[in-house]
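One structure is given here, and the rest of the page talks about it.
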Amino acid sequence: MITLTLRLIAAAAVIGLSAPASALTPQQCAAIKGSFIKGMQYQMKALDQGKLLVQQKPIILSIILSLRTKYPDLKDADLEDLRRVGDRVNDAALALDNEADMEAHQDAALVIRDLCP
């Protein structure tokens, strides 16, 4: 969502604005800069959460190994739900990591710099 907002800011500059860049008011510039900063903060939180989630899959796999050792009669099917949880946690971590699009951030920062000198 934030990446989409940043891409829209960059796209507006590419297709050209109807008013010259100097027509932007200080309030408009402050709003654009504020949105950009909030977007970056959101991205950083998402990356931090993704790092924590990535650490969970090995923990889940070690729990599975521990259960197999403690209860050798357990079947693979009995542990499949735990494996699936590990996979889903890992997928969530990847989704959070993929949300961070540094190219979009750079494009938006350049546009803001050009619009709000």
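In mature numbering (1 follows the signal peptide of the UniProt record, and there is no 0), the protein residues as written are -23 to -1, 1 to 94. Ideal Cβ placement from N, Cα and C applies to all residues, glycine included. Computed from a predicted model, the values in this text were never measured in an experiment.
Measure the CB-CB distance between residue i and residue j and report whether it falls below 8 Å.
| i | j | result |
| --- | --- | --- |
| residue 1 | residue 87 | no |
| residue 62 | residue 30 | no |
| residue 89 | residue 59 | no |
| residue 82 | residue 21 | no |
| residue 44 | residue 51 | yes |
Spell out whether any CB of chain C is found under 8 Å from the CB atom of residue i.
| i | result |
| --- | --- |
| residue 35 | Absent from the structure is chain C; it holds one protein chain and no more. |
Whose CA, out of the options, lies closest to the CA of residue i?
| i | options | result |
| --- | --- | --- |
| residue 73 | 3, 90, 28, 79 | 28 |
| residue 85 | 14, 5, 3 | 14 |
| residue 70 | 25, 18, 5 | 25 |
| residue 78 | 43, 19, 33 | 19 |
| residue 68 | 33, 49, 54 | 33 |
Legend entry - Contiguous alpha helix (DSSP H) assignments of at least 4 residues, all confined to the stretch 43 to 92: Correct list: 53 to 76, 79 to 92.
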